[in-house]
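Student: This structure is in C-alpha cells; I'll ask about it shortly.
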Amino acid sequence: MRKIALPIFLLLFLISLAWGQETPETPVAEVFGSYSYMRVGENGGDTANLGGGRTTSLATNLNHWLGGVAEFSGHYGEQMLTVPNVGVGKLDADTNMHTFLFGPRFTSRWSDRFTPFAHTLFGVARIHHRVNQFAGSQRVRLDRTETPFAMTVGGGLDINLSPEISLRSIQADYLLTRPGEISVNNLRISSGFLFRFGTR
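Just so it is clear: in the sequence shown, position 31 is 31 by our numbering, and no numbers are missing.
Following this line, the structure appears as C-alpha cells:
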C-alpha cells in the first residue's frame, strides 16, 4: 500500500499547484514514445525474465490540468536454463508482456520549462510464454497466453525543449498485474520524447 501512497500524494500535490494558476498554452493532444525498463516483482514467476521494452501513449487534454491517456507498452525477456539429471536437457524460455491501459492524467503547467504530471491507468496485460524444451535432437515447444487485469499509478517530469517537443526525463510507474489471480508488483521506468499538437 505504501508503494501506491506516494504517487497518490504526488497526484494531489500537482492538482493543488495547477488549480487557479496562470499557465502556458495547453496542447490539444500529446504523443509520447520511449525506451522502458521493467523490474518484475518477487512473485513474478514466468515473467521474472522481463526487462527492456517500450512505452507509447496518446493523450488528449480537456483543460490545462486534466487529460485522458491511452498507453501501450511492451517488455521482452529470454532465458536459457540447463536442467541436469532429469532428462530435460535445456529450456529456452521467451516471455513478452504487452499492457493496454487507459485513464486520467493530472498535469501541472506552472512553468514554460518543466511539466510534471501524475496518472492512474487501468486495463489489461497480455502475457505470452513460449518454452522450447531440448533433449538431444528432440525439441518440444509449449505456448501459453493469458490476459490478466493490470493497473498503474505513477508520474514523471517533462523538460520542454520547445512548445512542440519535450524530453520526458523520467516516467516512473508502479504496475500491478494479476496473472493467475496472483498480485505481482512491478516497477517500470521510461524515458523518451513527447510531441504536442494544437493548443487550447
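Don't be surprised by glycine CBs; every beta carbon is placed ideally from N, CA and C.
Under 8 Å, do P24 and D112 count as touching if we go by C-beta distance?
Tutor: Stepping through the sequence shown from its first residue, residue 24 is reached at position 24. Stepping through the sequence shown from its first residue, residue 112 is reached at position 112. Yes, the Cβ-Cβ distance between P24 and D112 is below 8 Å.
Student: For N63, is the classification buried or exposed, using 16 other Cβ atoms within 10 angstroms of its Cβ as the cut-off for buried?
Tutor: Working through the sequence shown from its first residue, we reach residue 63 at position 63. Around the Cβ of N63, a 10 Å sphere holds fewer than 16 other Cβ atoms; the residue is exposed.
Student: Considering E30, what are the terminal residues of the beta strand (DSSP E) in which it resides?
Tutor: Within the sequence shown, residue 30 is the residue found at index 30, counting from 1. Note, E30: beta strand (DSSP E), 29-39.
Student: Tell me which same chain residues have a C-beta within less than 8 Å of the C-beta of I170, skipping the five on either side of it?
Tutor: Stepping through the sequence shown from its first residue, residue 170 is reached at position 170. Once the five neighbours on either side are set aside, the close Cβ partners of I170 are G156, L157, I189, S190, S191.
Student: So what does DSSP say about P24, is it helix, strand or coil?
Tutor: One-based indexing of the sequence shown puts residue 24 at position 24. It is coil, neither helix nor strand.
Student: Label T147 either buried or exposed according to how many other C-beta atoms from any shown protein chain fall within 10 Å of its C-beta, with 16 as the threshold for buried.
Tutor: Locating residue 147 in the sequence shown gives position 147, counting from the first residue. Label assigned to T147: exposed.
Student: Where do the ends of the beta strand (DSSP E) carrying D112 lie?
Tutor: Residue numbering aside, residue 112 sits at position 112 when the sequence shown is read from its first letter. In this chain, D112 is not harboured by any beta strand (DSSP E), its DSSP state being neither H nor E.
Student: With respect to the beta strand (DSSP E) encompassing G192, which residues constitute its N-terminal and C-terminal limits?
Tutor: By 1-based counting over the sequence shown, the position of residue 192 is 192. For G192, the enclosing beta strand (DSSP E) covers residues 184-197.
Student: Under a three-way DSSP split, which group does G155 fall into?
Tutor: Working through the sequence shown from its first residue, we reach residue 155 at position 155. The answer is strand: DSSP assigns G155 an E or B state.
Student: Enumerate in chain order the residues of its own chain whose CB-to-CB distance from A70 is below 7 Å, with the five nearest sequence positions on each side excluded.
Tutor: Against the sequence shown, residue 70 aligns to sequence position 70. Within the same chain, A70 has close Cβ partners S57, L58, F102.
Student: Which first and last residues belong to the beta strand (DSSP E) in which N61 is found?
Tutor: For the purposes of this step, residue 61 is taken as residue 61 along the sequence shown, with counting starting at 1. First-last of the beta strand (DSSP E) with N61: 52-61.
Student: Give me, in chain order, the residues of the same chain whose beta-carbon lies closer than 6 Å to that of G33; leave out the 5 immediate sequence neighbours on both sides.
Tutor: Sequence index remark: in the sequence shown, residue 33 carries index 33 (1-based). Listed in chain order, the non-local C-beta contacts of G33 below 6 Å within the same chain comprise T56, G192, local neighbours out to five positions each way being set aside.
Student: What's the gap between the Cα of F114 and the Cα of E30?
Tutor: In the sequence shown, the residue the question calls residue 114 occupies position 114. In the sequence shown, the residue the question calls residue 30 occupies position 30. Cα-Cα distance, rounded: 15 Å.
Student: Within a Cβ cutoff of 7 Å, which residues of the same chain sit near T60, ignoring the five residues on either side of it in sequence?
Tutor: In the sequence shown, the residue the question calls residue 60 occupies position 60. Correct list, in chain order: V28, A29, G67, G68.
Student: What is the DSSP secondary structure of A18, counted as helix, strand or coil?
Tutor: Counting from one through the sequence shown, the residue named residue 18 turns up at place 18. A caution first: A18 carries a pLDDT of 49, below 50, which makes its placement in the model unreliable, though a value can still be read off. In the structure shown, A18 sits in a helix (DSSP, three-state: H, G or I).
Student: Rounded to the nearest angstrom, how far is the Cβ of H75 from that of G52, given a contact under 8 Å?
Tutor: Reading the sequence shown from its first residue, position 75 is the one you call residue 75. Reading the sequence shown from its first residue, position 52 is the one you call residue 52. About 7 Å separates the two Cβ atoms, so the contact holds.
Student: Could you tell me the alpha carbon to alpha carbon distance between T95 and V184, rounded to whole angstroms?
Tutor: For the purposes of this step, residue 95 is taken as the residue at position 95 of the sequence shown. For the purposes of this step, residue 184 is taken as the residue at position 184 of the sequence shown. Rounded to whole angstroms, T95 and V184 show a C-alpha spacing of 15 Å.
Student: S162: buried (16+ other C-beta within 10 angstroms of its C-beta) or exposed?
Tutor: Working through the sequence shown from its first residue, we reach residue 162 at position 162. Looking at its Cβ environment, which holds fewer than 16 other Cβ atoms inside 10 Å, S162 is exposed.
Student: Looking at the strands, I want to know which residues DSSP matches up with R200.
Tutor: Residue mapping note: residue 200 aligns to position 200 of the sequence shown, counting from 1. Beta-bridge partners of R200 (DSSP): none assigned.
Student: State buried or exposed for F207, treating a residue as buried only when at least 16 other CB atoms are found within 10 Å of its CB.
Tutor: One cannot answer for residue 207 here, as it falls past the ends of the chain, which runs 1 to 200.
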